[in-house]
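Protein chains in written order, with my numbering: chain A, 28 to 405; chain B, 252 to 680.
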Amino acid sequence: MKRRKMLVRMITASLLRRRSRMLVALLAIAIGATILSGLVTIYVDVPQQMGAQFRNYGANMIFMPAEESFTDADMQESLSTISSKELVGATPYQYNTVRIHEQPILAAGTDMAAVQKTSPYWLVEGQYPAKTHEILVGKNVAESLELSVGESVTVSFTPEDKSKLDSTIDFQITGILNTGGSEEEYVYVSMEDMEELTALPAHLDIAEISVSAGSAQLQTYVDEINAGNTDISANLVKRVTASETTVLSKLQALVLLVTVIVLALTMICVATTMTAVVSERRSEIGLKKAIGASDSGIIAEFMGEGILLGGLGGILGSVVGFAFAQFVSVNVFGSYISFRLLLLPITIIVSIAVTSVACLLPIRSATSVDPALVLKGE
Amino acid sequence: MFFKMIRGTLLHQWKKMLMIALTIALGSSLATAMISVVMDVGDKVNQELKAYGANITVVPKQSSIVSNLYDVEDETPGSAYLKESELGNIKTIFWAFNIVDFAPFVTTTAALPDGTEIHVVGSWFNHHLDLPTGEQLDAGMSSLRSWWDIREGQWIDEQSDTGTDVVMIGAALADQEQISVGDQISFSGSASDAKLTVVGIYESGGDEDNQAYVPLHVAQSLADLSGSIGSIEVSALTTPDNELAKKAAKDPSSLTVAQYEVWYCTAYASSICYQIQEVITDSVASPVRQVADSEGAILDKTELLMLLIMFLSLVGSALGISNLVTASVMERSGEIGLMKAIGAYNRSVTALVLTEILIASIIGGVVGFFAGIGFAQIIGQSVFGSAISIRTVVIPIVGVLVTFVTLAGSIPAIRMLLGLQPAEVLHGR
Chain A
28 MKRRKMLVRM ITASLLRRRS RMLVALLAIA IGATILSGLV TIYVDVPQQM
78 GAQFRNYGAN MIFMPAEESF TDADMQESLS TISSKELVGA TPYQYNTVRI
128 HEQPILAAGT DMAAVQKTSP YWLVEGQYPA KTHEILVGKN VAESLELSVG
178 ESVTVSFTPE DKSKLDSTID FQITGILNTG GSEEEYVYVS MEDMEELTAL
228 PAHLDIAEIS VSAGSAQLQT YVDEINAGNT DISANLVKRV TASETTVLSK
278 LQALVLLVTV IVLALTMICV ATTMTAVVSE RRSEIGLKKA IGASDSGIIA
328 EFMGEGILLG GLGGILGSVV GFAFAQFVSV NVFGSYISFR LLLLPITIIV
378 SIAVTSVACL LPIRSATSVD PALVLKGE
Chain B
252 MFFKMIRGTL LHQWKKMLMI ALTIALGSSL ATAMISVVMD VGDKVNQELK
302 AYGANITVVP KQSSIVSNLY DVEDETPGSA YLKESELGNI KTIFWAFNIV
352 DFAPFVTTTA ALPDGTEIHV VGSWFNHHLD LPTGEQLDAG MSSLRSWWDI
402 REGQWIDEQS DTGTDVVMIG AALADQEQIS VGDQISFSGS ASDAKLTVVG
452 IYESGGDEDN QAYVPLHVAQ SLADLSGSIG SIEVSALTTP DNELAKKAAK
502 DPSSLTVAQY EVWYCTAYAS SICYQIQEVI TDSVASPVRQ VADSEGAILD
552 KTELLMLLIM FLSLVGSALG ISNLVTASVM ERSGEIGLMK AIGAYNRSVT
602 ALVLTEILIA SIIGGVVGFF AGIGFAQIIG QSVFGSAISI RTVVIPIVGV
652 LVTFVTLAGS IPAIRMLLGL QPAEVLHGR
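This is how it looks when you write it as structure tokens:
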């Protein structure tokens, strides 16, 4: 009991009296721990955050009708399979041929708010339609029919049933759509306007779904949806999913490798600093041996110091490291990350391990030497 | 005397000096590796993002609206086409070096022996091209369709000896018509017939699964369109758009002369499009926003992420170095107290300590620089499968950084040395 008390007193006294040295050592450990916890947090969070960036490529899953068409209820039912956290957006489409200036044009009825989530790359000159009887016109259509934002345009639809009259609605053009793809040849209106124009029973021709998940998980969803609802045939957009897997795995490997290299170098750096701090105390070790301390007693004392420093540095580093990871996440991805509790003990244990190993080497060489030689200064 | 003392330190305290040099080497290798990787990561990730396919499409002026919108089956020659002979010009524009790959496309319809009408697309696969500039290159669509799964057989090889009367069939079409690799199928086009050998069956996950892909000239002769092409897909390394690029994309003539020069000489998607339009007669080149826009976003994020990680590791290595320098100088207080006791000036003690540390840091810095290049190459080779190019600008950055950090790290230690009272130190307090 007495022994333990003495050990504790020696350790705390040593830390307090040799403040400047201990501060140097603590700083070194804290830097190592900061880099460890900061980089590991980033590494763990990057796939998810980067995955969200890749949703910029648009829909990675398509619902197509298994027979003729499907309804909004079918779509909602299938969507419930997908975890709401991973679902970025789902956009229904209904296509009909309409006439503008007596030219046949393909018109799509859709959900304007959802489109902005599933196709974030759409560039709209002007604004998305928000009110009823507003229309978004593809760039090619606008150019060939000489339409511009703010104008009013009459859209007419001829029902298949020849006995009925053509229905017409005047739309206000709120935006011109620019994508560089085939979307520029369509016009877009809200689903309600489309139903009013065509007077057809509510149905969907296609739905684009954007899901933030890995390719294996996506395949599971597709299989589940196809098994669950017989009206819908879900498919993956191979171009988006396959490419995303390729690129994302490279990015992840990059961050992993950088993390490993930075960590290894930092840990060696911490170890050399600790070694330098401990080597300085050779004469102290010699003196203790001369007055009768056992080798194991000396090692226990130094280890105690190392563990205390490692623990303190680890806690300090965990906090600073998390702050750094949070800073990166907010600045790069614009989202917050949650503190990973598991990382705290890991950081502390690694800090203690590195500190202990770094102390052990110089202590062992000091204890193995004859105290007389050490005290003499050789 | 000064040099004798330094030599003495280096000879007798080489272990301590080695430790300082080692730490500085670690720090500088970290800095070198991270700076090199950050400088190159944009290009590398850009290269990877090419997996998403072409980011620029070129179509004839006033063409697409008719053929795509109404899905016109019988495109008559005489409607707008681009000239095949001008294709090589794409590799002669200002940003030719940034053009990774490109392929022409011509789409026509042909009937199978059982009467089924299908879309037949002619393109280049690995077409060999001799440019007017004397350069040679292979261009084609295989890298623009990296997500295609070749279910059976292989890609069309235009340079093989097996001849060019070959075809690749989409998976859905192959299943429906029960076609397999090696079969001979006759296609009857609007102008002529062709008997082609199936070399591959692909799965694309899109409309292409119901189509057939053939070498360009085969499709041209089927539809009697020799020398004409319908569209070109270009995959180019581009710089993410900024305000200037957005303004220029709307109307290049709205720029001032200086802005125009900056825009023209930066690899924005819009300036590359503009330059392609200059060399291909009657063409409209436009960025595919789905690819170009997302590329920009991902590139920006990745670069920023790596930059912040680099910043953290630089701060870490700087603190590590200065920490060790402080520790190692503190350790020598006894020796320095003795020097002061026998009459050394503060100035000469400082000079001595600084010189010693600088020698160690130069050695450590040089060793660390080369080790850092090694680390950068490990990252480059194992992640991207290609070397990270080392830019000369890294050398002065790392040099200045190491010198500055070493000197800054010595300041607290030197202040402490100057404050040392020889009597106290020698007494052992």
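We put the CB at the ideal spot given by N, CA and C, even for glycine.
Between Lys189/A and chain B, the shortest Cβ-Cβ separation is not below 8 Å. CA-CA distance, Ile613/B to Ile286/B, rounds to 19 Å.
DSSP, read as helix, strand or coil, puts His468/B in helix. Collapsing the DSSP output to three states places Phe345/B in coil.
Separation of the CB atoms of Lys316/A and Pro389/A is rounded to 15 Å, and the pair is thereby denied contact status at 8 Å. The Cβ atoms of Ser477/B and Ala499/B lie no closer than 8 Å to each other.
For Leu283/A, the enclosing alpha helix (DSSP H) has its first and last residue at 265 to 306. The Cβ-Cβ distance between Gly650/B and Gly616/B falls below 8 Å. Annotation: Gln435/B is outside any alpha helix (DSSP H); the continuous beta strand (DSSP E) that includes it extends over 435 to 440. Ala157/A sits exposed, since fewer than 16 C-beta atoms from the chains shown fall within 10 Å of its C-beta. For Thr507/B, none of the residues of chain A pass the 9 Å Cβ criterion, the least Cβ distance being about 23 Å.
Non-local C-beta neighbours of Gly571/B in its own chain, meaning closer than 7 Å and more than five positions away in sequence, comprise Thr274, Gly278, ordered along the chain. Going by DSSP, Tyr248/A is part of the alpha helix (DSSP H) stretching over 242 to 255. Phe353/B carries a strand assignment under DSSP once its states are collapsed to helix, strand and coil. With respect to the 8 Å criterion, Asp197/A and Ser209/A are not classified as neighbours on the basis of their beta carbons.
Distance check between Val513/B and each of Phe345/B, Val292/B, Leu269/B places Phe345/B closest, using alpha-carbon atoms only.
For Gly421/B, the enclosing beta strand (DSSP E) stretches over residues 417 to 421. Straight through space, the alpha carbons of Ala422/B and Thr643/B are spaced by roughly 50 Å. DSSP places Pro119/A in the strand class (E or B) of the three-state scheme. At a cut-off of 8 Å between beta carbons, Gly65/A contacts chain B.
Your pair Lys591/B and Leu658/B does not check out as a contact, with CB atoms roughly 22 Å apart and the cut at 8 Å.
For Leu281/A, the neighbours in chain B by C-beta distance under 9 Å run, in chain order, Val288, Val292, Lys295, Val296, Thr553, Met557, Ile630, Val634, Phe635. In chain order, Ile271, Ile608, Thr657, Gly660, Ser661, Ala664 place their CB closer than 7 Å to the CB of Val576/B, counting only its own chain and leaving out the 5 sequence neighbours on each side. With a cutoff of 8 Å on beta-carbon distance, Ala445/B and Ser479/B are scored as not near each other.
With a cut-off of 8 Å on Cβ pairs, the segment 55 to 62 of chain A is in contact with the segment 293 to 303 of chain A, counting three or more such pairs. A contact between stretches requires three or more CB pairs, one per stretch, nearer than 8 Å, and the segment 378 to 385 of chain B fails this requirement with the segment 424 to 432 of chain B. For Gly619/B, the three-state secondary structure derived from DSSP is helix.
Between the alpha carbons of Ser64/A and Gln246/A lies a gap of roughly 34 Å.
Among the bridge pairs identified by DSSP, Lys29/A is matched with none. Here Ile236/A is near Ala86/A, since their CB atoms are less than 8 Å apart. Spanning the alpha carbons of Asn349/B and Val530/B requires a straight line of approximately 16 Å. It is roughly 7 Å from the alpha-carbon of Trp149/A to the alpha-carbon of Arg540/B. Put simply, the CB of Ile288/A is near chain B, with a gap under 8 Å to one of its CB atoms. Shown here, Phe97/A sits in a strand according to DSSP, grouped into three states. At least one beta carbon of chain B lies nearer than 8 Å to the beta carbon of Lys277/A.
Taken in chain order, the members of the segment 304 to 326 of chain A whose beta-carbon sits within less than 8 Å of a beta-carbon on chain B are Val304, Ser306, Glu307.
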